[in-house]
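J.: With our numbering, letter number 96 in the sequence shown gets 125, and the count goes up by one each step, no holes.
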Amino acid sequence: MKNRLIAALVAAVILFIWQFLSWAALGLHQAEMQYAPNQDAVMQVLSENLEPGHYFMPQPAPGASNDEMQAYQSEAAGKPWARVSYYSSMNVNMGMSMIRGFVVDLLSAILLIWILGKMQGLNLQTAVLSSLFVGLIGYLTISYLNSAWFETPSMGYLIDSVVQWGLVGLWLGWFLPGRME
(Lines of atoms letter the chains of each structure in order from A and count residues from 1; the text may use other names and numbers.)
(Lines give C-alpha, C1' and ligand atoms only; values in the text may rest on other atoms or scores of the structure.)
Protein backbone atom coordinates (compact mmCIF):
# COMPACT_ATOMS: atom_id res chain seq x y z
CA MET A 1 0.00 0.00 0.00
CA LYS A 2 2.85 2.39 0.84
CA ASN A 3 4.44 1.89 -2.58
CA ARG A 4 1.13 2.55 -4.35
CA LEU A 5 0.71 5.77 -2.37
CA ILE A 6 4.25 6.91 -3.25
CA ALA A 7 3.62 6.00 -6.90
CA ALA A 8 0.34 7.93 -6.92
CA LEU A 9 1.79 11.04 -5.24
CA VAL A 10 4.74 11.22 -7.64
CA ALA A 11 2.46 10.58 -10.63
CA ALA A 12 0.13 13.37 -9.45
CA VAL A 13 3.09 15.75 -9.16
CA ILE A 14 4.19 14.80 -12.70
CA LEU A 15 0.68 15.52 -14.02
CA PHE A 16 0.42 18.79 -12.10
CA ILE A 17 3.83 20.06 -13.26
CA TRP A 18 3.11 19.15 -16.89
CA GLN A 19 -0.25 20.92 -16.75
CA PHE A 20 1.44 24.06 -15.44
CA LEU A 21 4.06 23.88 -18.19
CA SER A 22 1.43 23.22 -20.86
CA TRP A 23 -0.86 26.10 -19.90
CA ALA A 24 1.49 28.70 -18.40
CA ALA A 25 5.02 28.22 -19.67
CA LEU A 26 4.72 26.57 -23.09
CA GLY A 27 1.48 28.19 -24.27
CA LEU A 28 0.09 24.99 -25.80
CA HIS A 29 -3.46 26.20 -25.18
CA GLN A 30 -2.99 29.79 -26.35
CA ALA A 31 -5.41 29.22 -29.24
CA GLU A 32 -8.19 28.89 -26.65
CA MET A 33 -7.49 32.27 -25.07
CA GLN A 34 -7.02 34.67 -27.95
CA TYR A 35 -6.76 38.38 -27.34
CA ALA A 36 -9.53 40.60 -28.72
CA PRO A 37 -8.31 44.18 -29.31
CA ASN A 38 -11.85 45.49 -28.76
CA GLN A 39 -12.43 43.41 -25.63
CA ASP A 40 -13.71 46.33 -23.55
CA ALA A 41 -16.53 46.99 -26.02
CA VAL A 42 -17.35 43.27 -26.27
CA MET A 43 -17.43 42.92 -22.47
CA GLN A 44 -19.71 45.96 -22.20
CA VAL A 45 -22.19 44.45 -24.68
CA LEU A 46 -22.06 41.09 -22.89
CA SER A 47 -22.61 42.67 -19.47
CA GLU A 48 -25.63 44.57 -20.79
CA ASN A 49 -27.20 41.57 -22.52
CA LEU A 50 -26.31 38.33 -20.70
CA GLU A 51 -26.73 36.81 -17.30
CA PRO A 52 -23.77 34.71 -16.11
CA GLY A 53 -23.85 31.40 -17.95
CA HIS A 54 -22.77 29.47 -21.02
CA TYR A 55 -24.36 30.20 -24.36
CA PHE A 56 -24.50 28.84 -27.90
CA MET A 57 -25.60 31.50 -30.39
CA PRO A 58 -27.60 31.77 -32.50
CA GLN A 59 -30.23 29.17 -31.73
CA PRO A 60 -34.01 29.06 -31.55
CA ALA A 61 -35.74 29.76 -28.25
CA PRO A 62 -36.35 26.81 -25.90
CA GLY A 63 -39.51 24.93 -26.79
CA ALA A 64 -39.19 25.52 -30.53
CA SER A 65 -40.75 22.82 -32.69
CA ASN A 66 -38.64 20.54 -34.87
CA ASP A 67 -39.77 22.47 -37.95
CA GLU A 68 -38.75 25.78 -36.35
CA MET A 69 -35.37 24.31 -35.34
CA GLN A 70 -34.70 23.01 -38.86
CA ALA A 71 -35.72 26.34 -40.41
CA TYR A 72 -33.48 28.19 -37.97
CA GLN A 73 -30.52 25.92 -38.76
CA SER A 74 -31.03 26.42 -42.50
CA GLU A 75 -31.18 30.18 -42.05
CA ALA A 76 -28.07 30.21 -39.81
CA ALA A 77 -25.94 28.06 -42.14
CA GLY A 78 -22.84 29.91 -43.28
CA LYS A 79 -23.36 32.79 -40.83
CA PRO A 80 -21.28 33.65 -37.74
CA TRP A 81 -21.88 31.73 -34.53
CA ALA A 82 -20.38 31.72 -31.05
CA ARG A 83 -20.06 29.83 -27.81
CA VAL A 84 -19.82 32.26 -24.93
CA SER A 85 -19.03 31.68 -21.28
CA TYR A 86 -19.94 34.84 -19.41
CA TYR A 87 -19.12 35.54 -15.76
CA SER A 88 -20.18 38.64 -13.84
CA SER A 89 -17.01 38.71 -11.73
CA MET A 90 -13.47 37.41 -12.36
CA ASN A 91 -12.05 35.26 -9.58
CA VAL A 92 -8.28 35.79 -9.53
CA ASN A 93 -7.63 33.53 -6.53
CA MET A 94 -6.24 30.39 -8.13
CA GLY A 95 -5.60 28.56 -4.84
CA MET A 96 -8.77 26.48 -4.81
CA SER A 97 -8.47 25.70 -8.53
CA MET A 98 -4.92 24.46 -7.97
CA ILE A 99 -6.01 22.31 -5.02
CA ARG A 100 -8.86 20.84 -7.05
CA GLY A 101 -6.47 20.22 -9.95
CA PHE A 102 -4.00 18.36 -7.76
CA VAL A 103 -6.76 16.28 -6.15
CA VAL A 104 -8.02 15.28 -9.61
CA ASP A 105 -4.45 14.43 -10.67
CA LEU A 106 -4.02 12.29 -7.54
CA LEU A 107 -7.34 10.51 -8.07
CA SER A 108 -6.43 9.89 -11.74
CA ALA A 109 -3.09 8.41 -10.70
CA ILE A 110 -4.77 6.18 -8.10
CA LEU A 111 -7.25 4.91 -10.71
CA LEU A 112 -4.46 4.16 -13.21
CA ILE A 113 -2.44 2.35 -10.53
CA TRP A 114 -5.50 0.25 -9.70
CA ILE A 115 -5.78 -0.73 -13.38
CA LEU A 116 -2.06 -1.52 -13.59
CA GLY A 117 -2.33 -3.55 -10.38
CA LYS A 118 -4.78 -5.91 -12.09
CA MET A 119 -2.21 -6.80 -14.77
CA GLN A 120 -0.05 -9.88 -14.51
CA GLY A 121 3.68 -9.35 -15.04
CA LEU A 122 3.61 -5.54 -15.11
CA ASN A 123 6.66 -4.12 -16.87
CA LEU A 124 7.80 -0.77 -18.26
CA GLN A 125 6.29 -1.30 -21.71
CA THR A 126 2.89 -2.35 -20.37
CA ALA A 127 2.79 0.57 -17.92
CA VAL A 128 3.74 3.13 -20.57
CA LEU A 129 1.30 1.81 -23.18
CA SER A 130 -1.54 1.46 -20.67
CA SER A 131 -0.95 4.97 -19.39
CA LEU A 132 -0.83 6.38 -22.93
CA PHE A 133 -4.03 4.55 -23.83
CA VAL A 134 -5.81 6.01 -20.77
CA GLY A 135 -4.69 9.50 -21.82
CA LEU A 136 -5.69 8.96 -25.44
CA ILE A 137 -9.11 7.57 -24.49
CA GLY A 138 -9.73 10.73 -22.47
CA TYR A 139 -8.52 12.94 -25.32
CA LEU A 140 -10.50 11.18 -28.05
CA THR A 141 -13.80 10.96 -26.18
CA ILE A 142 -13.73 14.47 -24.68
CA SER A 143 -11.38 17.03 -26.25
CA TYR A 144 -11.35 15.64 -29.78
CA LEU A 145 -15.12 15.11 -29.95
CA ASN A 146 -15.66 18.66 -28.64
CA SER A 147 -13.35 19.92 -31.39
CA ALA A 148 -15.28 17.94 -33.99
CA TRP A 149 -18.62 19.41 -32.91
CA PHE A 150 -17.63 22.93 -31.88
CA GLU A 151 -14.53 23.54 -34.04
CA THR A 152 -12.34 24.17 -31.01
CA PRO A 153 -8.55 23.73 -30.98
CA SER A 154 -7.49 20.36 -29.59
CA MET A 155 -3.80 20.02 -30.47
CA GLY A 156 -2.73 21.19 -27.00
CA TYR A 157 -4.88 18.50 -25.43
CA LEU A 158 -3.43 15.82 -27.71
CA ILE A 159 0.09 16.87 -26.73
CA ASP A 160 -0.99 16.87 -23.08
CA SER A 161 -2.43 13.36 -23.40
CA VAL A 162 0.72 11.93 -24.90
CA VAL A 163 3.32 13.79 -22.83
CA GLN A 164 1.80 13.77 -19.36
CA TRP A 165 0.47 10.22 -19.52
CA GLY A 166 3.65 9.01 -21.23
CA LEU A 167 5.72 10.50 -18.39
CA VAL A 168 3.41 8.98 -15.78
CA GLY A 169 3.67 5.61 -17.55
CA LEU A 170 7.47 5.82 -17.52
CA TRP A 171 7.46 6.61 -13.80
CA LEU A 172 4.99 3.87 -12.91
CA GLY A 173 6.66 1.35 -15.23
CA TRP A 174 9.99 1.99 -13.54
CA PHE A 175 8.72 2.15 -9.96
CA LEU A 176 5.84 -0.33 -9.66
CA PRO A 177 7.04 -3.68 -11.07
CA GLY A 178 7.98 -5.86 -8.12
CA ARG A 179 6.51 -3.36 -5.64
CA MET A 180 2.78 -3.88 -6.12
CA GLU A 181 2.38 -6.26 -3.10
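Ideal placement from N, C-alpha and C gives every residue a C-beta, glycine not left out. All values reported here derive from a predicted model rather than from experimental measurement.
Taking a contact to mean a Cβ-Cβ separation below 8 Å, would you say phenylalanine 179 touches alanine 36 in this structure?
T.: no
J.: Using 10 angstroms around the beta-carbon of glycine 207, count the other beta-carbons present and answer buried if the total reaches 16, otherwise exposed.
T.: Burial call: exposed.
J.: Can you check DSSP and say which residues form a bridge with arginine 208?
T.: Its beta-bridge partners do not exist; DSSP assigns none.
J.: For the segment 56 to 120, list the alpha helix (DSSP H) runs that are entirely contained and at least 4 residues long, ordered along the chain.
T.: Entirely contained in the segment 56 to 120, the alpha helix (DSSP H) runs reaching 4 residues are, in chain order, 68 to 78, 95 to 105.
J.: List the endpoints of the continuous alpha helix (DSSP H) containing alanine 138.
T.: Here the alpha helix (DSSP H) through alanine 138 covers 124 to 146.
J.: Under 8 Å between the Cβ atoms of tryptophan 52 and glutamine 193?
T.: no
J.: Would serine 190 be called buried (16 or more neighbouring beta carbons within 10 Å of its own) or exposed?
T.: Sixteen is the threshold: when 16 or more other Cβ atoms of the shown chains lie within 10 Å of the Cβ of serine 190, as they do, the residue is buried.
J.: Of the residues Gln99, Val71, Val42, Ile128, which one's Cα is nearest the Cα of serine 114?
T.: When only C-alpha atoms are compared, the closest one is Val71.
J.: How should leucine 141 be labelled, buried or exposed, when 16 other C-beta atoms within 10 angstroms of its C-beta is the threshold for buried?
T.: With 16 or more other Cβ atoms inside 10 Å of its own Cβ, leucine 141 counts as buried.
J.: Specify the secondary structure class of asparagine 152 as computed by DSSP and reduced to three states.
T.: Residue state, collapsed to three classes: coil.
J.: If you follow the alpha helix (DSSP H) that leucine 169 is in, where does it begin and where does it stop?
T.: That residue, leucine 169, is in no alpha helix (DSSP H); it is neither H nor E in DSSP.
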